[in-house]
Structures are given as C-alpha cells and as structure tokens.
Amino acid sequence: MEPMFETIVEESNLYATQHNANLNTNVDEIKAFIGMLIYMGYHSLPSIRLYWSTDQNFYCERIAKIMPVKRFLKLLRYLHLNNSLNMPLRDSPHFDKLY
1 MEPMFETIVE
11 ESNLYATQHN
21 ANLNTNVDEI
31 KAFIGMLIYM
41 GYHSLPSIRL
51 YWSTDQNFYC
61 ERIAKIMPVK
71 RFLKLLRYLH
81 LNNSLNMPLR
91 DSPHFDKLY
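Numbering (this note's numbering), first residue to last: 1 to 99.
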C-alpha cells in the first residue's frame with residue numbers, strides 16, 4: 001500500500017506545481033486526508049465546510065482536529081493519481097477516458 005500513497009504524494013505535488021501552487025504534502029498527510037474522506041462518507045453533512053462549523057449542530061471534532069479546512073480543501077483541489085502530461089491524446093488508440 002505504501003507505494004500507492006507515495007504515488008499520490010508525488011503526483012499531487014507535481015499537479016499543484018504545474019498550477020503554480022505549493023502543496024508540499026507527504027504520505028502521513030495523504031493517509032489522514034483519505035481517512036477523513038472515508039469518515040465523511042459515513043458521517044455525511046450537506047457541505048464539506050460544515051465539519052469545521054462553529055455551529056455545534058454540524059461541527060465534527062474528529063475531522064476538525066486533524067487539519068484546518070483550508071488545508072483540507074487545498075488537498076482536495078490538487079489530489080492527483082497520475083501525471084496528466086502523460087495522458088494519450090483523445091484521437092490516440094491508447095486514449096482512455098479513465099486516465
């Protein structure tokens with residue numbers, strides 16, 4: 001499993017750099033992020049930001065104590081599993097919509 005997380009870190013950092021952003025994430029942070037996503041699937045709220053809400057009806061300490069909402073959203077924005085620059089062109093016989 002570790003190589004998978006290392007790939008996610010490498011590709012996410014690269015994708016952020018390609019978009020003039022600095023993500024600078026690591027394996028531990030990606031594991032925490034994915035754990036948060038899994039928990040959010042179980043404990044569903046109408047909006048992602050509500051997990052960090054000051055309204056006690058929505059606030060979720062299990063999520064909020066792991067990382068700030070701005071960091072979570074930045075990871076969500078730049079999470080990448082492959083290098084888009086290597087994607088075959090649409091008219092190529094090797095093109096795959098799932099790439």
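Even for Gly, the Cβ is constructed at its ideal location relative to N, Cα and C.
Pick from the options that is closest to residue i, judged by C-alpha positions
| i | options | result |
| --- | --- | --- |
| PRO88 | ASN82, LEU81, ASP96 | ASP96 |
| MET1 | LYS74, ILE30, ARG90 | ILE30 |
| ILE17 | HIS80, PRO46, GLY35 | The amino acid at residue 17 is misidentified as Ile; the sequence shows Thr. When only C-alpha atoms are compared, the closest one is HIS80. |
| LEU37 | LYS74, ASN86, ILE63, ASP28 | ILE63 |
| PHE72 | ASP91, ASP55, THR54, ILE48 | ILE48 |
Rounded separation between residue i and residue j - CA only
| i | j | result |
| --- | --- | --- |
| MET4 | PHE33 | 14 angstroms |
| ASN83 | VAL9 | 12 angstroms |
| ASN22 | ASN13 | 7 angstroms |
| ASN57 | LYS74 | 25 angstroms |
| GLY35 | HIS19 | 26 angstroms |
| PRO93 | LEU85 | 17 angstroms |
| ASP91 | TYR59 | 48 angstroms |
Residues of its chain near residue i, where Cβ-Cβ distance is below 6 angstroms and the 5 sequence neighbours each way are ignored
| i | result |
| --- | --- |
| HIS43 | none |
| TYR78 | SER12, TYR15, ALA16, LEU23 |
Check whether residue i and residue j have beta carbons under 8 angstroms apart
| i | j | result |
| --- | --- | --- |
| TRP52 | VAL27 | no |
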